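Below is one structure, written out as structure tokens; the observations come after it.
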DNA sequence: ACCTGAACACCGTTCAAGT
DNA sequence: ACCTGAACACCGTTCAAGT
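Residue numbers (the UniProt record's numbering), protein chains in the order written: chain G, 1 to 236; chain X, 1 to 236.
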């Protein structure tokens, strides 16, 4: 009652685009990026819907700005190589962190990897400058530029596959989950999978720690081998 | 004029769920799964909107049924191993086809890999029976079951990463595309990437043929090596 | 059992103001 | 320059019928 303002109109400048983005992320955090509506963001801030349309001409523009911030958030959470660091050690840590950032925040995944909005040139610049640094580090460790690029790409793409797969699995409430598994995999028609499920603890979605660890190790082995081959031929 | 029906009401049974699915896929093909609306599907069929709601209680149910059909379509398009076939040859072909099915039809990708609906137990059964056959084949060629599973998973997940990445890139109209690339990668701040782009024809999105081929080869090398190790230790 | 229009709540977006 | 409510077209869904 005491907190209720006399004037119903906000003062000019009281509504910054950053505040709107904060609210948008808050709403998207509970409803998902798809479920987020402009009216709900407005309600969350206690402003009229149309006020938001002054700062962002279309909902698309708002989502684009969210993606922008998301890219920077992800990049900021990733490790940077230190000179002299072991390549394998760095990359393993890098891809694990890449997976973890996304696991911690679904909205980031939606905005950068599954939603279909582009982000600004500025953020793209941030992203690729970050990759440039990693390539530089790998080349310093003996990689040919193209091999460094392809190697990094492989790990990056694999990690995206894992993250997206896990995202689908969760939002799905899919029958891939443990409890319903027995109903669909009887031992008679699928002996191998049903053995793997009961004895080796795999998950049908292929995106649990087991599969990620195995895939990452396989890829890192390959990457290191291609780097070593270079070093050997370079020396010989 | 002659084609215009006298009665405005459709006869009972004239509207099958399969017909609705056909129409839904047709609409989704032009508007995308996100853009598809129930009214538009109805208009496409020349029926009232509510008629569709008799067959599918919610739009969600309709999309779920679409996902169901999508899973079967994808599985049907994938190769099946023949006894005695070379494992590497089969897997390479398999993952290439997996990528190609999705490249040919974005709607399939949306429904099975980026949209967040589950599909029926029946379709899940179809999908995993199909994987069971591949595992059986790999085990027949000397793989330990768990290694076969993990190996297959790695290739599958990597391919999903490539497909999803390409899907984002296209729907993005992103600055990752060739023409705008020069604006964001000047040679001074990103010498390595700008060299790679001009000399080696890489694509920043990391999902072109170059990166897919390299990643797939790297992964297949690793898979074959793990299979061989088994054979050697089994013999030794 | 199957098809239909009217009706409702909600969303994206625009307009014509207000300060 | 910045904030606002009224208004519009469109969507998902329900209801109360029609045959």
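For each residue, glycine too, the CB sits at the ideal point set by N, CA and C.
Since the model is a prediction, treat every value here as computed from it, not as a measurement.
Coil, strand or helix - residue i by DSSP
i, result
"residue 56 of chain G", "coil"
"residue 143 of chain G", "coil"
"residue 169 of chain X", "helix"
"residue 204 of chain G", "coil"
"residue 99 of chain G", "helix"
"residue 130 of chain G", "helix"
"residue 239 of chain G", "As shown, chain G starts at 1 and ends at 236. That puts residue 239 of chain G outside it, with no answer to give."
"residue 195 of chain X", "helix"
"residue 15 of chain X", "coil"
"residue 36 of chain X", "coil"
"residue 118 of chain X", "coil"
"residue 224 of chain G", "helix"
"residue 49 of chain X", "helix"
"residue 105 of chain G", "coil"
"residue 217 of chain G", "helix"
"residue 9 of chain G", "coil"
Any chain G beta carbon closer than 8 Å to residue i
i, result
"residue 93 of chain X", "no"
"residue 101 of chain X", "no"
"residue 130 of chain X", "no"
"residue 109 of chain X", "no"
"residue 250 of chain X", "Beyond the ends of chain X as shown, which are 1 and 236, falls residue 250 of chain X; an answer cannot be given."
"residue 187 of chain X", "no"
Own chain partners of residue i with C-beta closer than 7 Å, once the 5 adjacent residues on each side are dropped
i, result
"residue 80 of chain X", "133"
"residue 127 of chain X", "71, 75"
"residue 111 of chain G", "33, 66, 67, 70"
"residue 162 of chain X", "99, 207, 212"
"residue 148 of chain X", "135, 138, 139"
"residue 226 of chain G", "147, 151"
"residue 160 of chain G", "113"
"residue 91 of chain X", "155, 220, 223"
"residue 193 of chain G", "185"
"residue 73 of chain G", "108"
"residue 218 of chain X", "none"
"residue 123 of chain X", "68, 71, 72"
Cβ of residue i within 8 Å of any chain X Cβ
i, result
"residue 125 of chain G", "yes"
"residue 237 of chain G", "Since the first residue shown for chain G is 1 and the last is 236, residue 237 of chain G is missing from the structure and cannot be characterised."
"residue 52 of chain G", "no"
"residue 114 of chain G", "yes"
"residue 106 of chain G", "no"
"residue 255 of chain G", "There is no way to answer for residue 255 of chain G, as the model of chain G reaches only from 1 to 236."
"residue 215 of chain G", "yes"
"residue 175 of chain G", "With a pLDDT of 46 at residue 175 of chain G, under the threshold of 50, the predicted position of this residue should be treated as unreliable, and no value is reported."
"residue 211 of chain G", "yes"
Same chain, Cβ closer than 6 Å to residue i, neighbours up to 5 away in sequence not counted
i, result
"residue 16 of chain X", "none"
"residue 59 of chain G", "38"
"residue 258 of chain G", "Given a span of 1 to 236 for chain G in the structure shown, any question on residue 258 of chain G remains unanswerable."
"residue 28 of chain G", "36, 107"
"residue 13 of chain X", "none"
"residue 120 of chain G", "68"
"residue 56 of chain G", "62"
8 Å Cβ shell around residue i - same chain, five flanking residues per side excluded
i, result
"residue 176 of chain G", "Model confidence at residue 176 of chain G stands at a pLDDT of 47, short of 50, so the residue's coordinates are unreliable; what they give is reported in the following sentence. So the list reads 169, 203, 204, 205, once near-sequence residues are dropped."
"residue 145 of chain X", "135, 139"
"residue 19 of chain X", "45"
"residue 47 of chain G", "10, 15"
key: Interface positions of the stretch 74 to 93 of chain X facing chain G (Cβ-Cβ less than 8 Å), listed along the chain   = Under the 8 Å Cβ criterion, the stretch 74 to 93 of chain X contributes no residue.
request  = With a floor of 3 residues, list each beta strand (DSSP E) that falls wholly inside the stretch 53 to 94 of chain G, ordered by position along the chain.
outcome  = With a minimum length of 3 residues, no continuous beta strand (DSSP E) run stays inside the stretch 53 to 94 of chain G.
inquiry  = Short of 9 Å Cβ to Cβ, which residues in the stretch 131 to 163 of chain G face chain X?
reply    = So the close ones are 131, 132, 135, 136, 139, 145, 146, 147, 148, 149, 150, 151, 152, 153, 154, 155, 156, 157, 158, 159, 160, 161, 162, 163.
Cβ-based contacts, 7 Å cut-off: residues of the UniProt domain "HTH tetR-type" (14 to 74) of chain G near chain X = The UniProt domain "HTH tetR-type" (14 to 74) of chain G vs chain X, Cβ under 7 Å: nothing.
query = Listed in chain order, which residues of the stretch 196 to 208 of chain X have Cβ atoms closer than 8 Å to some Cβ of chain G?
reply = Against chain G - using a Cβ distance shorter than 8 Å - the residues of the stretch 196 to 208 of chain X are 196, 200, 202, 204, 206, 207.
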